[in-house]
Amino acid sequence: MKITIRAFADYREIIGKEVELVLSEGKTIGALLSDICERYPELRRQMFAQTGELKEFINIFINGRNIAFLDNMGTLLVDGDVIALFPPVAGG
Amino acid sequence: MGEKREKVNKPDDERYNRQNLIIGSDGQELLRQSRILVAGVGGLGNVLAAYLVAAGFGYLRLVDYDRIEISNLNRQVVFQEIDVGREKTTVAKERLSLLNSGIRIEGINRTITDETVDELVQGIDLIVDALDNFSARFILNRASFTHRIPFIHGAVRGFLGQATTFIPDRTACLQCLFAKSPPPEKFSILGGTCGVIASVQATEAIKVVTGKGDLLADRLFFWDGLNGEATTIIMKRNPNCEVCGEHGLAQGKDLR
Numbered sequence: 018m019k020i021t022i023r024a025f026a027d028y029r030e031i032i033g034k035e036v037e038l039v040l041s042e043g044k045t046i047g048a049l050l051s052d053i054c055e056r057y058p059e060l061r062r063q064m065f066a067q068t069g070e071l072k073e074f075i076n077i078f079i080n081g082r083n084i085a086f087l088d089n090m091g092t093l094l095v096d097g098d099v100i101a102l103f104p105p106v107a108g109g
Numbered sequence: 074m075g076e077k078r079e080k081v082n083k084p085d086d087e088r089y090n091r092q093n094l095i096i097g098s099d100g101q102e103l104l105r106q107s108r109i110l111v112a113g114v115g116g117l118g119n120v121l122a123a124y125l126v127a128a129g130f131g132y133l134r135l136v137d138y139d140r141i142e143i144s145n146l147n148r149q150v151v152f153q154e155i156d157v158g159r160e161k162t163t164v165a166k167e168r169l170s171l172l173n174s175g176i177r178i179e180g181i182n183r184t185i186t187d188e189t190v191d192e193l194v195q196g197i198d199l200i201v202d203a204l205d206n207f208s209a210r211f212i213l214n215r216a217s218f219t220h221r222i223p224f225i226h227g228a229v230r231g232f233l234g235q236a237t238t239f240i241p242d243r244t245a246c247l248q249c250l251f252a253k254s255p256p257p258e259k260f261s262i263l264g265g266t267c268g269v270i271a272s273v274q275a276t277e278a279i280k281v282v283t284g285k286g287d288l289l290a291d292r293l294f295f296w297d298g299l300n301g302e303a304t305t306i307i308m309k310r311n312p313n314c315e316v317c318g319e320h321g322l323a324q325g326k327d328l329r
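Protein chains in written order, with our numbering: chain Z, 18 to 109; chain U, 74 to 329.
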């Protein structure tokens, strides 16, 4: 299956603006991110705490839905999914 | 000295000549009739309120509980050095009345809480979010949904900014998209970033009220000033949203 990652701001500088990947079926977003972090240790440092937990407030959306309201890191990816990674922006 | 002007807001006023070319005097009349809540009079709220008043929106309610500090002046361009220590809403009202004396501006020095929000949105047609924290935004979002008032979200941090428009019953709401409130912190903020996002919000306000164009509905405008890039990110409604979802708040009821 083919999925696309769109990365913004800090994450774009590490993995590039848009990445297309061909993955085997049945992969979760958590497994995918862990693979990507193997390749880009800087991404791991930015996204995950030392305990391996995802840092709070980082926005991971799949086809417009925040994974916090899906199955979090256990959310299964399917062919054609578009993943958006962007940092929290909250000031005013 | 400029001429003394009548303190009324007329859609055919010469001051609106240039925008009447695109929205017409009908559109200008719609702006004149609309009542806007500007939540927060900080970096976003300063620019937003100035553009909304200049554009001729008939009534603005400015809400903020803060006083002006010298460190606000890198971005809060309606304020001046002599204003340090004064209430933001009072000063903004004073200054913006000089910009367009035909606009009714109300300044309310209050915090947005579950207890105050219903009164603050009373009689309002459009909510513009210029807040600096998500806890208050979530409260305002709930009020937007229960009272069916469109809500234009904006937020900034450093070189980054985001904006999107929520139309109750038609689009996702703030709670569909963001799970938690990031902890309040001293954010880095640039004036230019506030200008970009507040301008996008002011443009959305004109579109919501006049019905022109394609709103930033179910799309998050994302501005990355450091890389000089603007993009939109697709957003979708959460069917289980605790505010606007199937089992959310006051579903189907118009409480206004």
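Note that beta-carbon positions come from the ideal geometry of N, C-alpha and C, so glycine has one too. All values derive from a computational prediction rather than experimental measurement.
Spatial neighbours of residue i in its chain, beta-carbon cut-off 7 Å, leaving aside the 5 residues before and after
i	result
M308 of chain U	T237, A245, L250, D291, R292, L293
F207 of chain U	F251, S254, P255
G265 of chain U	G298
N82 of chain U	R105, G129, G131, G175, I176
Residue i in three-state terms, based on DSSP
i	result
V282 of chain U	helix
I225 of chain U	strand
Y89 of chain U	helix
V95 of chain Z	coil
L38 of chain Z	strand
E160 of chain U	strand
R250 of chain U	One detail in the question is off: residue 250 of chain U reads as Leu in this sequence, not Arg. Correct three-state label for L250 of chain U: helix.
T304 of chain U	strand
G325 of chain U	Bear in mind that the predicted position of G325 of chain U carries a pLDDT of just 49, short of 50, making it unreliable; the figure below should be weighed with that in mind. G325 of chain U falls in the coil class under three-state DSSP.
F65 of chain Z	strand
Expected contact under 8 Å - CB spacing of residue i and residue j to nearest Å
i	j	result
V120 of chain U	C267 of chain U	6 Å
L110 of chain U	V190 of chain U	That pair is no contact at about 10 Å.
A203 of chain U	L117 of chain U	4 Å
D88 of chain Z	K19 of chain Z	In fact, because the Cβ distance is near 21 Å, the residues do not count as touching under 8 Å.
N313 of chain U	F86 of chain Z	7 Å
R134 of chain U	I197 of chain U	7 Å
I79 of chain Z	I53 of chain Z	The Cβ separation is near 15 Å, so there is no contact.
Sheet register partners of residue i (DSSP bridge)
i	result
N214 of chain U	Paired residues: none, contrary to the question.
I3 of chain Z	No answer is possible for residue 3 of chain Z: it lies beyond the span of chain Z, which begins at 18 and ends at 109.
K19 of chain Z	Z:V39
V111 of chain U	U:L135, U:V201
E179 of chain U	U:R134
T237 of chain U	U:H226
I262 of chain U	U:G231
D297 of chain U	U:L233, U:E302
A290 of chain U	U:T238
Own chain, CB closer than 8 Å to residue i, minus 5 neighbours either side, in chain order
i	result
R159 of chain U	R140, I141
N76 of chain Z	N83, A101, L102, F103, P104, P105
Sequence-distant residues of the same chain with beta carbon closer than 6 Å to residue i, five excluded per side
i	result
Y132 of chain U	R108, R177
D156 of chain U	I141, V164
K44 of chain Z	L94
For the region 94–109 of chain Z and the region 95–107 of chain U, state whether three or more C-beta atom pairs, one from each stretch, are separated by less than 8 Å.
-> no
Per the contact definition of three or more C-beta pairs closer than 8 Å, is the region 220–238 of chain U in contact with the region 261–277 of chain U?
-> The region 261–277 of chain U, when compared against the region 220–238 of chain U, does touch it at the 8 Å Cβ threshold.
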